[in-house]
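Input: a single structure, listed below in structure tokens.
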Amino acid sequence: MIAAPMILTLKLKESLPKDVGRAIARLDPEDMKQLGLEAGDVLELQGKRKTVAKAMPSYADDRGNRSLQTDGLVRENAGA
424 MIAAPMILTL
434 KLKESLPKDV
444 GRAIARLDPE
454 DMKQLGLEAG
464 DVLELQGKRK
474 TVAKAMPSYA
484 DDRGNRSLQT
494 DGLVRENAGA
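Residues 424 to 503 (my numbering) are what the sequence shown spells out, left to right.
See below:
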């Protein structure tokens, strides 16, 4: 039996320059835990469209604010 997808609404933020072009989505480790994700897992993102990115933990300065950091290409692909 396939589990229903977990939905979590987060505020989008621009990724750091070193993550641009790498299809990385950084989120708080607590949010990753809630979604059952580990670093490197593929994450489906949905705005007006769906796209995927590699889930990675956010840096310490960006934790606790319910945000998701992605580059412009990932956001554009999601229609966000």
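Glycine residues also receive a C-beta, built at the ideal position from the N, C-alpha and C atoms.
Take T474, set aside five residues on each side of it, and the residues of its chain with a beta-carbon closer than 8 Å to its own are E467, L468, V497, N500, A501, in chain order. Taking the CA atoms as reference points, M429 sits about 18 Å from K471. Going by C-alpha positions, S438 is about 13 Å away from A478. Cα atoms of A483 and D442: separation of roughly 15 Å, rounded to the nearest angstrom. Following the DSSP letters along the chain, one finds M429 in no alpha helix (DSSP H), marked with neither H nor E.
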